[in-house]
Structures are given as C-alpha cells and as structure tokens.
Amino acid sequence: MKKADFIFLLAAAAICLVLFFARSQLRTQGSFAVVEVDGELYGRYDLRKEQEIGIGDTNRICIEDGTVRMIEADCPDHLCIHQGRISSRGEMIVCLPNRVSVQIDAPDADGPDENAPDLIVG
Ligand SMILES: [Zn+2]
Numbered sequence: 007m008k009k010a011d012f013i014f015l016l017a018a019a020a021i022c023l024v025l026f027f028a029r030s031q032l033r034t035q036g037s038f039a040v041v042e043v044d045g046e047l048y049g050r051y052d053l054r055k056e057q058e059i060g061i062g063d064t065n066r067i068c069i070e071d072g073t074v075r076m077i078e079a080d081c082p083d084h085l086c087i088h089q090g091r092i093s094s095r096g097e098m099i100v101c102l103p104n105r106v107s108v109q110i111d112a113p114d115a116d117g118p119d120e121n122a123p124d125l126i127v128g
C-alpha cells in the first residue's frame with residue numbers, strides 16, 4: 007500500500023467517525039415528546055428540558071435525562087406507567103383507558119415523517 011492510499015483511508019475513516027458523532031448528537035438534541043389526547047395534539051415537549059407535565063387531570067409525564075415516562079395515571083391497569091422510559095424516535099407510551107399517547111419525535115431521523123418535510127435533504 008502506498009503512503010498516499012493510507013492517508014486517504016485514514017481521512018475517510020475520520021470523516022465517517024465525525025459524521026457518525028454529529029448525527030447521534032443531532033438525534034438526541036432534536037427529540038421531542040409528542041403528547042396526544044383522543045387523537046388530538048396536546049403538546050410537544052423538548053426532551054432536553056427536565057419537566058413534569060400534567061395531561062388533563064388523568065395523566066402525568068416526567069421528562070428527565072432525555073427520556074419520558076408516565077409517572078401518574080388514574081387508569082385501572084397502570085400499564086402506561088409500567089411501560090417505563092422511552093427515548094428513541096418512534097417509541098410510544100399509550101394509556102388506552104384515557105386515550106393518551108406519548109411518542110418520541112426526532113425531526114432529523116431517517117424515513118418518512120410527514121411532520122418534518124423541510125428537513126429532507128437530497
Ligand atoms: Zn394508563
């Protein structure tokens with residue numbers, strides 16, 4: 007292997023690494039918890055901000071360390087609370103009896119996402 011080839015490979019590897027880190031950084035920074043009640047948008051909350059949000063007077067979620075979890079619910083089964091923490095795009099907590107859903111939305115992620123058409127880069 008010539009020296010120039012080796013340098014090229016090294017540079018390519020470095021670029022890949024930088025892109026990878028930039029991307030994962032972007033991913034965690036761009037995440038939101040999207041709360042819907044009865045199919046209607048209730049609110050969008052930044053996962054970087056630690057907070058507790060009451061959803062109507064039936065449910066309560068807690069955002070901390072970039073994750074969301076249901077901390078209070080008046081549903082009989084409490085399945086939503088037992089679903090634990092979510093943090094990745096597409097993950098969801100559902101409280102069926104109260105028709106409450108909490109979903110993670112990260113606008114920069116791959117795949118079709120009708121909520122973020124302005125971030126599609128050719
Ligand atoms: Zn529930």
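Mind the numbering: the sequence shown is residues 7 to 128 in the working numbering, read in order. Each residue gets a CB set at the ideal place from its N, CA and C atoms; glycine is no exception. These numbers come from a predicted model, not from an experiment.
- Counting along the chain, the unbroken beta strand (DSSP E) around Cys68 starts and ends at 65 to 70.
- The alpha-carbon of Arg91 is positioned some 34 Å away from that of Ala20.
- DSSP, read as helix, strand or coil, puts Arg29 in helix.
- At a Cβ-Cβ threshold of 9 Å, Ile69 and Glu78 do not count as neighbours.
- In the DSSP assignment, Ala39 forms a beta bridge with Tyr51, Ile110.
- Per DSSP, the unbroken alpha helix (DSSP H) holding Ile87 starts and ends at 85 to 88.
- Three or more beta-carbon pairs separated by less than 8 Å link the region 36 to 49 to the region 58 to 73, which places the two stretches in contact.
- Bounds of the beta strand (DSSP E) holding Arg75 are 73 to 79.
- A Cβ-Cβ separation of about 16 Å leaves Asp71 out of contact with Arg95 under the 8 Å criterion.
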